[in-house]
Every structure is written in structure tokens, then in C-alpha cells.
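To keep things clear, I will list the structure first and then write my remarks on it.
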Amino acid sequence: MLASADSSFAGDARKRWDEGAAVYDARHVRSRSRWFGPVERRMYRSLMPPAPAGRRLRVLDAGCGTGVLSAYLAAHADVVSLDLSAASLAMLRARRAPLAPVQADLGKLPFRDVRVLDAGCGTGVLSAYLAAHADVVSLDLSAASLAMLRARRAPLAPVQADLGKLPFRTGSIDAVVSNVVLPHLPDDLVARTLDELHAALRPGGTLVFTVFNWETMRRFRAFPTPRGRFPSGVYYRAYTAAEVRSLMAATPFRDVRVLGLGAVYAFCQPRRGLHQLYHRLGWATMPIEYVLQRGLGLLARAGAYLVVVARKAPEP
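Numbering (the numbering used here), first residue to last: 4 to 319.
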């Protein structure tokens, strides 16, 4: 059920409508009518398009009421349940189904598809997390990594391609994330990759990437040199904050911010026992990071990594 958003629909009239809608829908839910459930299920099973392979549909139940239909759809898709009635949405929440209730007017929907590129996704750890919040395109050059990503069975769109030659239309991506990928690329490919990512982003789109922080790695003796190879043979380069700013100054990106992350990791990395403990704890170390860097305002530029946030200029 959905009310009009007309400004005259307010006060007692609006309150009565909310109460009436909730009571009506509640009775509808409790009804023992034999036709309601089977008929609606058949109808929506016929009308709903099949999800693409490896993807899960995202469905908007527009005017969801107390969520009768939303609860059914939740078994087949990610459901956003929208209604103007707060009372109806309160009853919907009581269903404890995996729904996303939104109170809004159908005449002014608050949605826009968000398409995120995970550039250099590896086996898809970050992609799988982002998939709960956006449509994710997972790009990597490694077929083996993408095979492991597909095994996650998350709603991801894997693409095997070179970062220096992206297969996307100009302005077709809302945001780009790239987690510790650029530090493993030669300098000329880093510059070309940033140009490609800028072209793929829509006007006003955001880029977030991480690189190794040389100042911290040197201080904690985690890396012997700013450039080199790991024991596995993989090339790496660590950057200072000044080098990152210089790198970004040569690109069309604007509003560049450089933040530190991973001070706990940098401290533990060269110490074998602590390093093993860190990996055993995993994400449990993040509250410590938060307290040190955000809560207490310490180590703002410290950390194993530098997080770079930049924006493509919006349309004039």
C-alpha cells in the first residue's frame, strides 16, 4: 500500500491512513484464503526474469505494505521493500526476513544503480564484500584467480583483462577500488592504469586504491628497500605520501586524499611471532587500528599502507 505524497495529505488524515493500511495488510497476511498465496507465487514466478548466470536479482517491491510479497521474493532475489507508510514498514521488519525496508515516495525514488569495479580483484575477497552493497565487476589478468573467485558463488561479474587496457565504455563505472595492486606494476603501467581508470569512471566518480607505505615499512624494517622482489619473486614498490601526491598530480583526478592504514600490521610484519599472531587474528585487529588512527588521532599517516581517495571531476 502506498499513500500519496501530496502536501495536503497530513496530520490526522495521514495517521488514519497509516493505521488503516497496517490493519488491512495485517488481515491480508492472516487470511486463510486458498487462492492468495498460490496465485501470487505463480504470477511472480512467471513474470520475474531469470537471473544471469552467477548473479542474483535485485528487486524493488514498490509499495510493499507489510511485506507479504517481499518475504516471498526474498527467497529468490535481494529485495528492497519500499513504502510511504511507517506503520506498514514496522510490521515488515517484524517478519525477520532478509529485506531492506525503505520509507520513500514512489514519485521520487531514492535509488540509482551503483557499479563498482574491483580492479585487480585477485580471488575476490574484497569483491565478495562489496557485492552486498553494489553491482561489482571483478577484473583481473589471472585466470587462476578468477576461477577461485567464481567458486565463491557471490553475485559477481568476473572479467579477465589488462588494467592498462580496460574493456569498459567511457564513464560506465561509478567507483573503482584497487587493493594493493598498483605497487606490483611497473611505473609506466601505473600511469597508464590511472588514465584508464579515470576514463572508465563517470563524472564525479570515486577512485580508492592502496599502496605500500615506504616510510612506515622502513621504520619497522618490514621492507629492505622501496623497490624489490618478495621471496616469491613478485615485484613490489613502496611509496611515500609525497610520491603518491606527485603521482596523482600528473593525472586528471582531483580532491586527492592520502590516509594511513595498517599500523598494527607494519609493527608485526618483521617480528615472526607477532606476524603469525596478526594473521591468526585477522579482522579482529581492525578495532585497534580504528582507536589508534581515528579515535585517538594518532598515526594518521602511519601504517603499512597508504589509502588514496580521489575523484573524477563532475560534469560542468
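Glycine included, each C-beta is placed from N, C-alpha and C at the ideal position.
Quick check: does the Cβ of D108 come within less than 7 Å of any heavy atom belonging to the ligand MN?
Ligands are entirely absent from the displayed structure, and the ligand MN is therefore not among its contents.
Measure the C-alpha to C-alpha separation of L152 and D177 and round it to an integer number of angstroms.
22 Å
Quick one: what does DSSP say S175 is sitting in, helix, strand or coil?
It is coil, neither helix nor strand.
Could you tell me which whole alpha helix (DSSP H) segments of length 4 or greater appear in the segment 177 to 240?
190 to 203 and 217 to 222
Three-way DSSP call (helix, strand, coil) for L262 in this model:
strand
Where the alpha helix (DSSP H) through L92 begins and ends:
It spans A89 to R96 - the alpha helix (DSSP H) in which L92 sits, taken as one unbroken run.
Nearest-angstrom Cβ-Cβ length linking R260 and V312, presumed shorter than 8 Å:
At roughly 5 Å, the Cβ-Cβ gap stays under 8 Å, so R260 and V312 are in contact.
Three Cβ pairs or more, each shorter than 8 Å: is that satisfied between the segment 97 to 106 and the segment 60 to 76?
Cβ pair count under 8 Å is three or more, so yes.
Between the beta-carbon of A307 and the beta-carbon of N216, is there less than 8 Å?
yes
Compare the beta carbon distance of L120 and A252 with 8 Å and say whether it is the shorter of the two.
no
Looking at the structure shown, is A244 part of a helix, part of a strand, or coil, going by DSSP?
Note: A244 maps to helix in three-state DSSP.
Own chain, CB closer than 7 Å to L149, minus 5 neighbours either side, in chain order:
D143, P161 and Q163, listed in sequence order.
Contact the segment 220 to 230 vs the segment 193 to 200: 3+ CB pairs below 8 Å:
In short, these stretches do not touch, since the Cβ pair count stays below three.
If we ignore side chains and look at the alpha-carbon of each, how far apart do F226 and V237 end up?
13 Å
What is the residue span of the beta strand (DSSP E) that L144 lies within?
Looking at the DSSP string, L144 is not in any beta strand (DSSP E), and its letter there is neither H nor E.
Indicate the three-state DSSP secondary structure (helix, strand or coil) for V128 in the structure shown.
helix
Where the beta strand (DSSP E) containing V62 begins and where it ends:
First-last of the beta strand (DSSP E) with V62: R61 to A65.
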